[in-house]
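Q: Letter by letter, the sequence shown follows residues 1255 to 1455 of the numbering used here.
For glycine and all other residues, C-beta sits at the position ideal for the given N, C-alpha and C.
Starting off with a structure, shown below.
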Amino acid sequence: MAESVLRLGRFFALLLVVMIPVRGFGSPPSTLYVGTGVFLQNMLTTTTTPESSANVIGQMNLPQVSLMADFRGSSGFGMAPSVALTPVAITGGNGVKKSMLLASIPFAWRVGQSASFKLGPGLLQYSVSGDGGTTELSNGTGTSTFYLPGSTKSSKVFVLNVGMGFDLFRSFRFDLDAVVPGALSSKRSLNLMATAQLGIW
């Protein structure tokens, strides 16, 4: 996780160096935003309840820390690269710690006077870590023994990011993003991220 954050930090530093000369021509009130929010993972999935009802909000990861750069010219078209991560791993009831890292590079279009539409690719990384051991979990008809991770394991998947951003005040905005792994496959899932962000530059 630390190595991934370092690489993303270098990426954003390069973007800022490239975009500094054109900042004066941008239409957004700010170019660089920091914020916090919530990431809802695997929404509308089937739960382990006897009725197999849909879990509408999925698994909630809170808080998320985000950094976004809004690069749009006077035409209202540009890019809005962003990165969001779990600063402190979330510990579940079985002692397993979970964290996520999302980096996306969507295109952005201005919609009206204070909103923007975002669409583009991204990369989502899940990480789990633990002290090993076993746990008993439901398997649908009874329980089975599952092994807990004894070290940090990570998985990465490409995602489609579709979202809207709203400029509420001069330097404050709210973003709502749908993050869809496997968007073109039958195994796609739906994640939702809501973020409140403050312009700092």
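State the Cα-Cα distance for the pair G1280 and V1413, rounded to the nearest angstrom.
A: Per-residue confidence for G1280 stands at a pLDDT of 43, beneath the threshold of 50, marking its modelled position as unreliable; no derived number is given.
Q: What whole-angstrom Cβ distance do I1344 and S1336 have, given they're in contact under 8 Å?
A: At roughly 21 Å, the Cβ-Cβ gap does not stay under 8 Å, so I1344 and S1336 are not in contact.
Q: On the three-pair Cβ rule with 8 Å, is the stretch 1432–1445 touching the stretch 1398–1407?
A: With a cut-off of 8 Å, the stretch 1398–1407 and the stretch 1432–1445 do not count as touching, because too few Cβ pairs lie within range.
Q: I need the straight-line Cα distance from V1288 to G1453, nearest angstrom please.
A: V1288 and G1453: Cα-Cα distance of roughly 7 Å.
Q: The beta strand (DSSP E) spanning D1421 covers which residue range?
A: Segment K1407 to F1423, the beta strand (DSSP E) holding D1421.
Q: Assuming V1433 and G1376 form a contact by the criterion Cβ under 8 Å, report the distance between their Cβ atoms to the nearest whole angstrom.
A: 7 Å between Cβ atoms; contact.
Q: If we ignore side chains and look at the alpha-carbon of each, how far apart do V1382 and K1410 end up?
A: Distance between the alpha carbons of V1382 and K1410: 12 Å.
Q: How many angstroms separate the CA atom of F1331 from the CA atom of S1368?
A: Approximately 14 Å, taken between the alpha carbons.
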